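The next block holds one structure in the form of structure tokens; read it before the comments.
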Amino acid sequence: MASFSTSSTYCLSKNVVFLSDFSPLNQFPTQSPRRRFSKKIVSMITQPSSRMPATTGSVDLMVKSWMTMTEKLLARTSEKLHVVPGENLWVNVDVLMTNDITGPGAIGVFKREFGENAKVWDREKVVVIPDHYIFTADERANRNVDTLRDFCNEQNIKYYYDIKDLGNFQANPDYKGVCHIALAQEGHCRPGEVLVGTDSHTCTAGAFGQFASGIGNTDAGFVLGTGKILLKVPPTIRFVLDGEIPNYILAKDLILQVIGEISVAGATYKTMEFVGTAVESLTMEERMTLCNMVIEAGGKNGVIPADKTTYDYLKDKTTVHYEPVYSDEQARFLAKYHFDISKLEPLVAKPHSPGNRALARECEDVKIDRVYIGSCTGGKTEDFMAAAKVFLASGKKVKVPTFLVPATQKVWMDLYTIPVPESGGKTCSQIFEDAGCDTPASPSCGACMGGPRDTHARLNEPQVCVSTTNRNFPGRMGHKEGQIYLASPYTAAASALTGHVTDPRDFLQ
Ligand code: SF4
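If you count the sequence shown from 1, position 76 lands on 75 in numbering that gives the first Met the number 0, and the numbers rise without skipping.
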């Protein structure tokens, strides 16, 4: 911690509230709601906020107590007027997502508990996305996709994004790719709703002002049968990210900063609500990066208030009516953190924890063997655009193998069609080729989670990798002795150009 205490200190305001000032969260459920907050916390959480007032319609007009966004989301979907942290609720689920790695297990629970001939509660609210172990000869992995297909055919599931031809992903027009990005691109992420999924990074969808959280197969089996889930209302920590974002900083740096500050257990079963001028300035894809990694701090969910950026993104993606909710000005927050982003420097998370934060420039002595750009965290169109920007600025070739795995088929297409700004009309794919990167691979989770041994770009040797993914635990990308440095696409591209962990300012300024 000491080696990077400087950066963490200057990015926090003086009146920051440290979690360690408060009662441990695990005492929460046993305390009565009225006694839940200490006097000190109450004084901190009732500070006036500059946030927009709540606009939740009838619910707001009728409640007698103030609520956070997440509390309102869960109140609405449990058909209650008012809820408090720690309360257990039966919540009506708007969307259940499952994928090839967990779906067969959830289907098994559903069949076991509801019967072989049971029907899912709503064929239009179940979204099934094969994405994890797709481009592999592994028979068990292939069988998982077959299981999903059989189930979706049997149940007439409306949103099943199938892949049959594993040799050519483009021959599968329905195939999307990484579930969390596909969910957004296909319009399943909508403000004011509840989305649960059998994948821990389901929290990504909180970027849309949705309650979005990963659940286990047992819960998912029950949701398949009933459309309901029993949830405990999490308390909310508010992160106010203000200041102009420097041109060498991306949302990945913001979330690494936050996790480094509160630790990988700092938000266990809590909501992480992100507000502030820096958050408001983020695109939807960058907001998704921010919410994607709340689970790395233990967060139950992350949320960002919906605004014009959200509505613009959704315009051509859904016709479903949605109704955003916002935290009341007087809502109670467990803690508030304030960060001045204008002073943030590019960060990495060193092996083997997403909370092992360090300044990129402090790690320049770390030689690397490869770079990986991909995943639900760092495999979106804008992530590749950011990497291309660094390659373009340098005009050099990469010094280590640089693997590119677009999250979805749409992202892959974007790499070949969208001109990179100030490039004279070049696409990302052309810039990557000029820089000597690997050809963009078939969209999927790829090597983010290791996968079968024949997975493209899997870490099969004990190598050092700079990666735009979200986890760097031992073995995460394959080899248990591999070392993964989590970084932004800027930092990943800069590191590819030098062969060691590199601050992107070396190329962007
Ligand atoms: S890209 Fe990685 S983190 Fe994201 S869903 Fe796939 S395996 Fe999980």
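Backbone N, C-alpha and C fix where the C-beta goes; we use that ideal spot for every residue, glycine too.
What you are looking at is a predicted structure, and each value in this text was computed from that prediction instead of being measured.
Looking from the CA of I372, the closest CA among R475, H320, V263, A440 belongs to A440. For the 7 Å CB-CB criterion, I162 and V127 do not form a contact. Secondary structure at T318: coil, using DSSP grouped into helix, strand and coil. Nearest in C-alpha terms to D173, of all of D364, P488, Q408, is Q408.
Relative to the ligand SF4, M448 has its C-beta within less than 6 Å of a heavy atom. Cβ-Cβ distances below 7 Å link V195 to V92, L95, T201, S212, I214, V222, I228 in the same chain, with the five nearest sequence neighbours on each side left out; the list follows chain order. Here the alpha carbons of S64 and P129 stand approximately 42 Å from one another. R148 is not bridged by DSSP to any residue. Burial is judged here by how many other beta carbons sit within 10 angstroms of a residue's own beta carbon; N355 has at least 16 and is buried. A heavy atom of the ligand SF4 is found nearer than 6 Å to the CB of H200. Where V90 is concerned, the enclosing beta strand (DSSP E) starts and stops at 87-91. D315 counts as exposed, since fewer than 16 other C-beta atoms from the protein chains shown sit within 10 angstroms of its C-beta. About 6 Å separates the Cβ atoms of G176 and S443, confirming a contact at the 8 Å cut-off. For the ligand SF4, no non-hydrogen atom lies closer than 6 Å to the CB of V302. If the five residues before and after A486 are omitted, its C-beta is found closer than 6 Å to the C-beta atoms of V347, V465, all from its own chain and listed in chain order. Annotation for N355 indicates a beta carbon at 6 Å or more from all heavy atoms of the ligand SF4. Following the DSSP letters along the chain, one finds G394 in no beta strand (DSSP E), marked with neither H nor E.
Beta-bridge partners of S466 (DSSP): Y371, L485. Linking S326 to V278 through their CA atoms gives a straight-line distance of about 15 Å.
C-alpha of F402 to C-alpha of G166: approximately 19 Å in a straight line. Inter-residue distance for T308 and P245 is about 20 Å (C-alpha atoms, whole angstroms). Secondary structure of D306 (DSSP, three-state): coil.
In terms of CA proximity to C290, A266 leads the group L313, G498, A266.
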